[in-house]
Structure formats: structure tokens, C-alpha cells
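K.L.:
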Ligand code: C2E
Ligand code: MG
Ligand code: MG
Ligand code: MG
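Residue numbers (mature numbering (1 follows the signal peptide of the UniProt record, and there is no 0)): 590 to 877.
1. Among the candidates 710, 714, 653, whose CA atom is the shortest distance from the CA of residue 677?
2. Determine, using beta carbons only, whether residue 794 and residue 828 come nearer to each other than 7 angstroms.
3. Of the choices 763, 652, 709, 723, whose alpha-carbon is the least far from that of residue 740?
4. Closest to residue 862 by CA distance: which of 695, 780, 720, 781 is it?
5. Starting from the C-beta of residue 835, find all residues in its chain whose C-beta is less than 8 angstroms away, skip the five residues before and the five after it, and write them out in chain order.
6. Does the beta-carbon of residue 780 have 16 or more other beta-carbons within 10 angstroms, so that it is buried, or is it exposed?
7. For residue 819, verify whether its CB is less than 6 angstroms away from any heavy atom of ligand 1.
8. Starting from residue 651, follow the beta strand (DSSP E) in both directions and report where the run begins and ends.
9. Identify every run of the alpha helix (DSSP H) within the stretch 802-874, keeping only runs that are complete inside it and at least 4 residues long; order them along the chain.
10. Grouping DSSP H, G and I as helix and E and B as strand, with all else coil, what is residue 611?
11. Span of the alpha helix (DSSP H) holding residue 723?
Right under this line is the structure:
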């Protein structure tokens, strides 16, 4: 039975595998094309902006910039699919530089329009943390674009920090000295110890959306979220909840003192123009 079954299984796997490899290769080639002629192909790669809401006032606390790629044949491809390919092929460095430059240009525009957008969060890949000069490199991209460090936050996942814990702290300290804020993204899904967390200079933890999805039905998730908020506050850190879709989730978060929320309940990621139209009016004066 086993002997008969195995070859079939292998054949099936290989076919799946080869389809998968073909798509990865196409994504890699497509990314190279999109990056090679960024002006001509500007419409392929673009940034969208998802508002973050400061819960005590319900006003704007900034935006998270998220990368989008409109592939000429495949249509819109999720960053969850193309970022890992970019990481495996080393294209992530160029892609990140493109993204930060594009976000910088947007902040300069918004600043000129008098829009108080607070801070824009930009995601960093784990691989970027391997570069000991990361902080200086980011700062020079920002200043070359005519933007200012105090317009930015960088989001780094808990898992990325743990891959290289000491160097990460050094980089975070340099960023913070330059008045850039740092957010620990997808918090709760990694394995950082309390000792490490205590030593992290980041002022914001972003609770992973997996704890928010099922918040209303899961007493375990409720316990985790309450504990993270209270621990973060005791350590002098603020908490953002991501993936907030429902009023009941928001009510729970407000009741337990969560500082900032992000999710479809407020808005999906939107274009820069829509961000300006929708949020130009009520940005909070408080610096988050
Ligand atoms: P992330 O940084 O944790 O971003 C949050 C993701 O959750 C985004 O997915 C966002 O669109 C989605 N989201 C926000 N609110 C809700 C909600 O209420 N419900 C649900 N179901 N989802 C929500 P997106 O844009 O597909 O990005 C996925 C991941 O790709 C990001 O996770 C981040 O890790 C990565 N990524 C996106 N842009 C960049 C980038 O410019 N650079 C790097 N290195 N990574 C990026
Ligand atoms: Mg993020
Ligand atoms: Mg996240
Ligand atoms: Mg996430």
C-alpha cells in the first residue's frame, strides 16, 4: 500500500512545487522590472496608508504605510507573498529604499499642504536589521528626500528583533536618538523574554491581530490583551491593537485602556489623497 501510494504523493508534490517555483520566479523577475524603471513603472509599486486612531480622543494618531504591487499580468499581489520573495533574493534592500523614498515624498507633500499627519509608520524587514549602519542609512534617505525624522516610526516585528537581539537594541537606540519612534510589530507572536522586553527602548507595542480576531469569544485572548496592556503601561510603553474590525472589539480595548487602534473598523489602507481628505480636519495635537 505504502509503495503504491508514495510515488503518487511525490508526483503531486512535484507538480505543486513546480507551479510554486514558476510563480516565485515570475515574482522575482517582475520585481526586478518594477524596480529597474521606477518612473516608467511607478504605477506598479505604490504605497497605501492605513489610519491609526488615538482612542482617548478618537483622533488621528498617524498612518501605517503598506506596500502594494500591481503586477502587469497577475494583478494585485499581496506583500505577504512578494516580501518573502524579495527577502530570499536580496531585492528587499532596494524595495525598502524605494518604499521609504516614496513615503518621504508623500510626507513632504502633506507637510506642504499643512496636513498634521502625526507620524507615518514604515515596516522594516528582519534582513535590514543585519545592517549595523541601518539607522544612518534610513536617516540619510529621509534627509535626502527633504523629510524630517520626527515624521516617522519604524515597525519591527518581535521575531526580527529576536533574530539579532543585541544589535537590534543598538539600532533602535540610534533611531530614537534621532527622534524616530520605534514600534514592536506583531507583538505576542515571537519569543522575547521579559528581560529583553524590559531593555527595549521602543515606546510602542503593537499587539498582533491574531489576538484581536477572536477577542470577543476567547477568554484566553482577552486575558493576553489585558496583560499586555497593563505590562506595557507599567514599563512606560503604549499599546496599539491591529486588526480591529468590530465595535465590540473596540469597546473591549477602550475599556482596558489600549492607547491606539488600527483596523477595518476605522478604515482599510487608502490612497494618500483619501487619507488627506478624510483626516485633514481632526488630527490630534498630542504627539504619539
Ligand atoms: P503588518 O505590518 O502586520 O501590517 C498589518 C496588515 O494587516 C496589513 O496587511 C493590513 O492591511 C492588515 N490589516 C489592517 N487592518 C486589518 C483588519 O481590520 N483586518 C484584517 N484582516 N487585516 C487588517 P498587508 O498590507 O497585506 O501587509 C501584510 C504584511 O506585509 C505586513 O504586516 C508587513 O509585515 C508586510 N509589509 C507590508 N508593507 C511592507 C513594507 O513596505 N516593507 C516591509 N518590510 N514589509 C511590508
Ligand atoms: Mg506593520
Ligand atoms: Mg502588524
Ligand atoms: Mg501583522
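Just so it is clear, CB atoms sit at the ideal spot from N, CA and C, and this is done for glycine as well.
P.N.:
Once the coordinates are examined:
1. 714
2. yes
3. 709
4. 695
5. 805, 854
6. exposed
7. no
8. 648-660
9. 808-823, 836-844, 861-868
10. helix
11. 723-733
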